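In our numbering, the protein residues as written are 46 to 111.
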């Protein structure tokens, strides 16, 4: 399943084949910080799995709600 960088529901990057590749792209773009020893994205950004809608436009797959 491909992954991409998102800001809310808006896809900001191309799709990458793995989550690690998407993190690497975010780091290269300067969007990754280390907070209390943990690697995190800047506020508002997420890395999410992608799928294509009926028009072929990539959309985020919402995270599961527990």
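The beta carbon of each residue, even a glycine, is placed where N, CA and C say it ideally should be. Treat the numbers as computed from the prediction; the structure is a model and nothing was measured.
For residue i, the first and last residue of its enclosing beta strand (DSSP E)
| i | result |
| --- | --- |
| residue 78 | 77–80 |
| residue 83 | 83–86 |
CA-to-CA distance, residue j to residue i, given in whole angstroms
| i | j | result |
| --- | --- | --- |
| residue 53 | residue 91 | 8 angstroms |
| residue 111 | residue 75 | With a pLDDT of 44 at residue 111, under the threshold of 50, the modelled position of this residue cannot be trusted; read the value that follows with caution. If I take the Cα positions, the gap works out to 31 angstroms. |
| residue 87 | residue 68 | 12 angstroms |
| residue 72 | residue 79 | 11 angstroms |
Identity of the residues DSSP links to residue i by a beta bridge
| i | result |
| --- | --- |
| residue 94 | 48 |
Residue interval of the alpha helix (DSSP H) (run including residue i)
| i | result |
| --- | --- |
| residue 40 | As shown, the chain starts at 46 and ends at 111. That puts residue 40 outside it, with no answer to give. |
Proximity winner among the options, relative to residue i (alpha-carbon distances)
| i | options | result |
| --- | --- | --- |
| residue 70 | 88, 83, 51, 99 | 51 |
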